[in-house]
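Take a look at the structure set out below.
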Amino acid sequence: MKKNVIIVGGGFAGLELAKKLSSNQHFRVTVVDRNNYHFFPPLLYQVSTGFIEPSNISYPFRKMFQGQQNIRFYMGELVNVDPETNTIETSNGRLSYDYLVLAMGTESNFFGNDNVKKNALPMKTIEEAVNIRNYILLRLEEAARSTASTDKERLSNIVIAGGGPTGVEMAGMLAEMARHISSKDYPEITSSAGHIYLVDSSPSLLGPMSKKAQAVAYKVLSGLGVKIKLNTLVKDYVNDEVILSTGNKISSATLIWASGVIAREVKGLPVEAITRGRRIVVDEINRVKGCNNIFSIGDQCLQTSDKNYPNGHPQLAQVAIQQGLLLGDNLKRQEAGKPVKAFRYHNKGSMAIIAKYKATVDLPAGFFKGFFAWLVWLFIHIIPLVGFRNKMKLFLNWLWSFLTNDPALRLIFKPVKQKN
Ligand SMILES: Cc1cc2nc3c(=O)[nH]c(=O)nc-3n(C[C@H](O)[C@H](O)[C@H](O)COP(=O)(O)OP(=O)(O)OC[C@H]3O[C@@H](n4cnc5c(N)ncnc54)[C@H](O)[C@@H]3O)c2cc1C
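Going by our numbering, the sequence shown opens with residue 1439, and the numbers climb by one from there.
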């Protein structure tokens, strides 16, 4: 009898697990996802700045699983888990499992601020990235039409909340675009009309990275004209005014939210299994607290059994990938009656691109920056993309955009209301 494995979420963690179980005679695998495609979040900011196309970083699950006898895709959103009956309810029907794996990642955390939630622009999904692209372009069109200088300023200013890698990469890209593109595309808006602001509550940018990386990010972004506000919180966002904890206000029609995440909600799990940041408490083999046959991997879980990470692992792609791989191995070992292995995270380093030809790389062995770091960043971000065509398309897109300083994706495609 084959075991039914349901994986909810086909991100880094879920996909790695599915691949590990592919062609295995003991398992029938169903990947459930709200989207019909897998995508690559680290490059979302390039979609939202019109630098690359959404399709460069997305790949359909059904195409991915073509020819895989034991893997099926099911499009649907998780509604509820019922551990008593070993079933899950999705937006499109009920499914039963022998093993359930929750790998749904995180969503934006607005820290309870309703105005920010309503008016700021999050960037966690392809739809949100495309929305940012449309929104910024529409505001620039408005700024070009407006005659009052205060309106031009409000419509051209962009505030980014969150000075982690996403915020830094976004600020660098927008500042370069303002320099190379806006003056050519929008002669109606003078270059002094708008600014890019980067706001972070901590004393430095790139919080989780080394002091050297933080200093480089600060220097490069300041040099590009980004106005950096550290030790500062975005407290509220009302009537196109970003209100800061210092009491200052920034007039801006655009607030991009790159500041904090919370795990996706799962209804039906034991109460003791949910902890801070809504993360799911798991043991050393990623089994959910209080459950025998339910597991959680990736950003959504919190595992404190790894002796080097007693407060849990950072929510990074490599953690998700390594947990997916090990769980695949462990499920196979379990079926074969062999002992399972505890998860240990192997930190391969972290990196951030700050501007064209400028990046920082923190490796366990040391730090480097500059042009070589930038090349390494490009390479590392092309390799994990699914599909050779996607890798080639992205490479050519980058080549064209970096050489010309003029990506041509500044198109406003407005979604229409559609029948489901
Ligand atoms: C903008 C951005 C930039 C980032 N940059 C980096 C970086 O440079 N380096 C790095 O290491 N990490 C980076 N990260 C973090 C990295 O993307 C995550 O750590 C990683 O994606 C976690 O993998 P995961 O499989 O746990 O979740 P995800 O990759 O988030 O996958 C979750 C999957 O679950 C699906 N899903 C969600 N809710 C439901 C539901 N209710 N029902 C069904 N399916 C659902 C989603 O569609 C998605 O396919 C970045 C994240 C973002 C948002």
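All C-beta atoms, glycine included, are put in the ideal place defined by N, C-alpha and C. Fair warning: this is a prediction, and the values are worked out from it, not measured in the lab.
Residue j beta carbon less than 9 Å from that of residue i
i: Ala1701; j: Arg1716; result: yes
i: Ala1456; j: Phe1503; result: yes
i: Ser1697; j: Ala1599; result: yes
i: Arg1472; j: Lys1441; result: no
i: Val1597; j: Thr1692; result: yes
i: Ile1732; j: Val1539; result: yes
i: Ile1627; j: Ser1648; result: no
i: Met1561; j: Leu1482; result: yes
i: Ile1634; j: Val1654; result: no
i: Val1446; j: Met1542; result: yes
i: Lys1556; j: Leu1763; result: no
i: Ser1743; j: Pro1646; result: no
Contacting residues, own chain, Cβ-Cβ under 6 Å from residue i (five flanking each side not counted)
i: Val1485; result: Pro1492 and Ala1567
i: Leu1740; result: Thr1713, Arg1717, Val1719 and Gly1750
i: Lys1786; result: Gln1756
i: Asp1674; result: Asn1553 and Ile1681
i: Ala1581; result: Lys1590, Leu1593, Ser1594 and Ile1627
i: Lys1667; result: Val1637
Straight-line Cα distance separating residue j from residue i
i: Trp1838; j: Ser1621; result: 19 Å
i: Leu1816; j: Arg1510; result: 32 Å
i: Phe1801; j: Gly1605; result: One detail in the question is off: residue 1801 reads as Leu in this sequence, not Phe. Each residue's Cα considered, the two are about 21 Å apart.
i: Ile1495; j: Asn1551; result: 31 Å
i: Ile1526; j: Thr1585; result: 56 Å
i: His1784; j: Gln1753; result: 14 Å
i: Tyr1573; j: Ala1780; result: 46 Å
i: Ile1570; j: Met1608; result: 11 Å
i: Lys1687; j: Phe1851; result: 32 Å
i: Arg1771; j: Thr1684; result: 55 Å
i: Asp1520; j: Gly1706; result: 6 Å
i: Trp1836; j: Phe1826; result: 15 Å
i: Ser1461; j: Trp1695; result: 41 Å
Residue i, enclosing beta strand (DSSP E) - first and last residue
i: Pro1603; result: Per DSSP, Pro1603 belongs to no beta strand (DSSP E); it is in the alpha helix (DSSP H), Pro1603 to Met1615.
i: Asn1442; result: Lys1441 to Val1446
i: Ser1419; result: No statement about residue 1419 is possible, as the shown extent of the chain runs from 1439 to 1858 and does not include it.
i: Ile1821; result: Here Ile1821 belongs to no beta strand (DSSP E), and DSSP marks it neither H nor E.
Neighbour-count burial assignment, residue i, 16 or more Cβ in a 10 Å radius
i: Ile1791; result: buried
i: Glu1454; result: buried
i: Met1830; result: exposed
i: Ser1546; result: buried
i: Ile1735; result: buried
i: Ala1758; result: buried
i: Val1676; result: exposed
i: Arg1577; result: buried
Residues near residue i in its chain [Cβ-Cβ closer than 7 Å; skip 5 each side]
i: Lys1794; result: Glu1614 and Phe1840
i: Lys1796; result: Val1658, Gly1808 and Trp1812
i: Thr1528; result: Val1470, Gly1514, Glu1515, Leu1516 and Val1517
i: Leu1823; result: Phe1478, Ile1495, Lys1829 and Leu1832
Residue i, enclosing alpha helix (DSSP H) - first and last residue
i: Thr1898; result: Nothing about residue 1898 can be read from this structure; the chain reaches only from 1439 to 1858.
i: Glu1565; result: Ile1564 to Arg1583
Close beta carbons around residue i, own chain, < 8 Å, minus the five adjacent residues each side
i: Asn1524; result: Ser1534, Tyr1535, Asp1536, Leu1538 and Asn1731
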